[in-house]
Amino acid sequence: MDRILESESVKELNELLLGNPNVKLRDRILLSPYTKFLLPSLVIAFVLPVTVYAIMVSGYVVDSSFSLATCNIRTEYYVDCLPGKSSPTESDCMEVLCCWNDTLGFCYHYVPAQHGYTPSGGVYYQGVTLVPRETNSPLGSANAEEVFVDISAVDSNHVEITLSTSSQSSSNSRRRRGVEPLLHRWSGSGDEVNGEEDELSRNLLSFLPRDGRRRTVEVQLDESSNLTAYVHYPEFSVTVARGDFTLNETSSIFSTALGPLILTETYWEWTLYLSNGALYGLDDLELNGTTNSIYNNENGSITPAFLAINPTGEAAAYYVDYKGPMEIQVLNKTNLVILRGLALPESLGVHVFAGPTPLEAVQQLTSSMSSNSSWSMPPLYNYGLHVCPTETLSSVVDAVSNLNETIEVLASAGAPWDSHCIHEQLVSTMNSLLASSDLDAISEATSLLEAEGRNFNPHLSPMVLADEGTLHSALEDAALLLTNGTTSYLGQYHDASVVYPDWTSDEVATITAAYFVDYLNNTGSPGTLWLRDTWPKDETNTSSRTEAEFTSFDYMPEAIEYSMNNVTVPFDLETVDGFSHYATHNGYSEGFRTFVKSSVPTIEFLGPPGEAANTSWSGLRRAVRSAIGAGLGGHLPPPVYVCGTEPFNATLHDQLCIRWYQAAIAWPHVLVVPDRLPGGSYLSASASLNVVKALRIRASLATYQHTVVASHFQRSSPVLVPTSFYFPEDTSTTHKWDQFMWGEALLVGLVTLPGVSQVSMRLPGDVSWRHLLGGAEAASVTNGTVPITATMGDLIILVRPGYIVAIHEDVSNTTLVTMASNVTLAVNLECANEDCSASGEIWYGVDDGEYLSLGVNSTHLVLGNVNGVQNYACNADDNSTTVQSTFIETVQLLGNSSYQVQTELCDLQDNEFSISLV
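Per the UniProt record's numbering, residue 1 is the first one in the sequence shown, and the count goes up by one each step.
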């Protein structure tokens, strides 16, 4: 009945509409039930899918020649498309073919980026030329029209990826390494590009939109390689994975697929994904969320090297072979590293090292970086304190007089020390002007130091006095940095006019060789030179220097602009071959270092703790971070000025200076200005006592330090590293920088804040660590911190379970005499099911030598490689090595008993010798 009534009602309504002469045709159509119900349903059915599809594809770019690109990426992976541009608009962003986030007002690159390179002809194969997808970069300049790529295995754990703007430089790169060009494995002829996406692309690039036009080929490396490299196209990118991994995007340790590749004359950009987990590098600690600039100056010389440690404890290392100014941005929580260089080199290389442990990765990196250098270990006395005044030099005679005063102060305090520079500015250039009276004073000072069992170590820089003398004149003709391409540039250094040899030229070494011999003769043939200010330094008042013009650069970060304009030579100088100095500024002193090291061992300031650390707690913390970071970047910790060099707050200085001396116990090379010495004018009597205590502990560990440093030179192992380096699976130690490993055996905890007397430490493992001094137990706590007291006179040094450390209990007034005293072995046994053991080693020799292996269990001390060690340690004619003690007096089982073993290595006959501890 209801249905009939409803139908009748509709009929009546229709009839009413039809019969009403006032109802227009439009109204009849709009009021019709078919229009009101059927038409909206049809519209919704058609429009809704189209709208949804439009929303879904609005973040994608479709180009028939390339695979699908998307804007739909997480914000933390946004790579800035217009760096340096103030307040870009959406219109600006669309114009340069990038994505726009209206909420953030941010312009970022598509993934894959529109700005990149592609194989000429659309298919990748060995030797193919890469061409830019876009004529110009987002910043406006023209992209390099041709780029050549070379991917080669340098050795089984090292792959190099080189981009070159000439085919000749690509060939030269392979020829230098002795690598023949290799073919690539790939399936298909390129006709299948529009078919289904291949399996390699699906596995390695699963974070990209699926697209059948994308292809991946495997680069055929040497069969012994532990790494596998892949090239993706049509958007060129590279992925590197370990050969033993399951292929997917999480197994790769390196990829360039998440950002652009831009190569213009004054700007290049390359985005690298460096595995996952914690990312260290740039001679510092963790990098995620940081932006760093590299243009070597008074704030240090930074190596563009990285170490990535993933949550499972596996690691890989990386190095960027580029000598020009560069900004490095690491997007937070992504391990996405954006390289922005300001000068396009002929070739740009990235090196990838397999690891897979953090130690192996750093060893591979260090070995590669030092393979072409003349590194050598400095003499043993350099482990002692080096004294070097920095105040204004009035005269050489006054400097020698001050030396006498320093000797008396340190003798009264009972502090060990080993070398002196007389004065930082004494002979700081190769042609320093010295009167005969000056030479006599230097000779007198050298004799005085030798009589005390100590050494004169001068400081040398790469600059040359502009004195119109023979060396200056010889270099003037062909080998100086030039202004306006014709005139040698005059700078200021230590209140004198200087010129700057072009140390990239082989001719400089040829010209200066004879003058360097004279320099060594005038300084008494020192056993070590300290190299400083090698970036190159220019103290010209910047207010009197014409402001540099940076308009030719597409991008110029403020930090790099400041560095280019301050305390270094003008960036627009030219080399003798007509090349811009700034393009290779960071490699300026490599030739200088190689030249000097070919004649005499050196110690070099490489970071801010050497020159620019201020006398503050923040300066101490920066020194610690730089020292630990240097180890991860393949270097020794840079020398540190203990207590800084600048004026300080007298009320806080005692605390700060004591903690700084304690930190310096672990540094291979440290120096101090005279007024910060114990017994000097700046330290109280009680502070001086604590400083002397720290210096004596440092001297007692000289043999351990020597062994750790030898491991750096012999095995490419780091000296100081974060705790997580040796315990990568214990993520609780990842962010701890106030504790660090010194070698493999010692864990150091530092107080780096005023008024603090304990350190909250993370102790990895489930076996107790023990204090080196006293042997007290420090039990580890799972996922927790252990508060350890560090009163003003104490430093926390813990021995790792299962390790042995050599110490000298009889500390003398120099490191050399201390190293000749009897050895005590401090042992922290690691026990499992009542089976207890520990191991260690001692290096005998300098550049050449042998390790004495040490093994201890509950009942015996076992010495190994005895005969090998005797060749270096027991040769009475070799004065450089007989300084090391060969007499093992005591075995101290920390927390337990001491055993007198009284063993002289030189008297043993067997190569392995066992000594009972019962």
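Think of the CB as a built atom: it goes at the ideal place given N, C-alpha and C, for glycine as much as any other residue.
Using three-state DSSP, classify residue i as helix, strand or coil.
i: residue 420; result: strand
i: residue 629; result: helix
i: residue 73; result: coil
i: residue 676; result: helix
i: residue 788; result: strand
i: residue 322; result: coil
i: residue 260; result: coil
i: residue 914; result: strand
i: residue 585; result: helix
i: residue 522; result: helix
i: residue 813; result: coil
i: residue 532; result: coil
i: residue 819; result: helix
i: residue 655; result: helix
i: residue 82; result: coil
i: residue 578; result: coil
Assuming residue i and residue j form a contact by the criterion Cβ under 8 angstroms, report the distance between their Cβ atoms to the nearest whole angstrom.
i: residue 377; j: residue 638; result: Actually they are not in contact, since the Cβ atoms of residue 377 and residue 638 sit about 16 angstroms apart, beyond 8 angstroms.
i: residue 554; j: residue 266; result: 6 angstroms
i: residue 314; j: residue 355; result: 6 angstroms
i: residue 330; j: residue 289; result: 7 angstroms
i: residue 927; j: residue 285; result: Nothing can be reported for residue 927: it is not among the residues displayed for the chain, which extend from 1 to 918.
i: residue 403; j: residue 328; result: Rounded, the Cβ-Cβ distance is 43 angstroms, inconsistent with contact.
i: residue 718; j: residue 632; result: 7 angstroms
i: residue 471; j: residue 496; result: In fact, because the Cβ distance is near 14 angstroms, the residues do not count as touching under 8 angstroms.
Return the chain-ordered list of same chain residues with a C-beta closer than 6 angstroms to the C-beta of residue i, the five sequence neighbours on each side being excluded.
i: residue 566; result: 542
i: residue 136; result: 142
i: residue 847; result: 376 and 377
i: residue 424; result: 388, 390 and 459
i: residue 855; result: 839 and 862
For residue i, which residues in the same chain have their Cβ closer than 7 angstroms to its Cβ, ignoring the five residues on either side in sequence?
i: residue 22; result: Residue placement at residue 22 is flagged as unreliable, the pLDDT there being 48, under the threshold of 50; the coordinate-derived value follows with that caveat. So the list is empty, once near-sequence residues are dropped.
i: residue 919; result: Coverage of the chain is limited to positions 1 through 918, which leaves residue 919 absent and any answer about it impossible.
i: residue 351; result: 158, 160, 318, 319, 321 and 368
i: residue 777; result: 768, 770 and 895
Starting from residue i, follow the alpha helix (DSSP H) in both directions and report where the run begins and ends.
i: residue 706; result: 702-715
i: residue 486; result: Segment: none, residue 486 is in no alpha helix (DSSP H) and carries neither H nor E.
i: residue 472; result: 470-476
i: residue 592; result: 590-597
i: residue 242; result: Element bounds for residue 242: not the alpha helix (DSSP H) but the beta strand (DSSP E), 237-242.
i: residue 275; result: Looking at the DSSP string, residue 275 is not in any alpha helix (DSSP H), and its letter there is neither H nor E.
i: residue 362; result: 358-370
i: residue 93; result: 90-95
i: residue 402; result: 396-413
Among residues of its own chain, excluding the 5 on either side of residue i, which ones have a beta-carbon nearer than 8 angstroms to its beta-carbon?
i: residue 792; result: 655, 658, 690 and 757
i: residue 93; result: 81, 82, 99, 100 and 107
Cβ of residue i versus every heavy atom of the ligand NAP: is any distance shorter than 8 angstroms?
i: residue 756; result: Of ligands this structure carries none, so the ligand NAP is not represented either.
Work out the CA separation of residue j and residue i for me, nearest whole Å.
i: residue 842; j: residue 326; result: 41 angstroms
i: residue 859; j: residue 850; result: 26 angstroms
i: residue 139; j: residue 558; result: 17 angstroms
i: residue 394; j: residue 742; result: 40 angstroms
i: residue 913; j: residue 867; result: 10 angstroms
i: residue 515; j: residue 340; result: 40 angstroms
i: residue 830; j: residue 359; result: 21 angstroms
i: residue 687; j: residue 653; result: 9 angstroms
i: residue 556; j: residue 220; result: 39 angstroms
i: residue 832; j: residue 825; result: 22 angstroms
i: residue 762; j: residue 896; result: 24 angstroms
i: residue 731; j: residue 724; result: 7 angstroms
i: residue 346; j: residue 144; result: 11 angstroms
i: residue 300; j: residue 537; result: 11 angstroms
i: residue 512; j: residue 485; result: 22 angstroms
i: residue 892; j: residue 798; result: 14 angstroms
Starting from residue i, trace the beta strand (DSSP E) in both directions and tell me its first and last residue.
i: residue 309; result: 305-309
i: residue 898; result: 898-904
i: residue 756; result: Neither: residue 756 is in no beta strand (DSSP E) and is coded neither H nor E.
i: residue 233; result: 227-233
i: residue 439; result: Careful: residue 439 lies outside any beta strand (DSSP E), inside the alpha helix (DSSP H) at 436-451.
i: residue 492; result: 491-493
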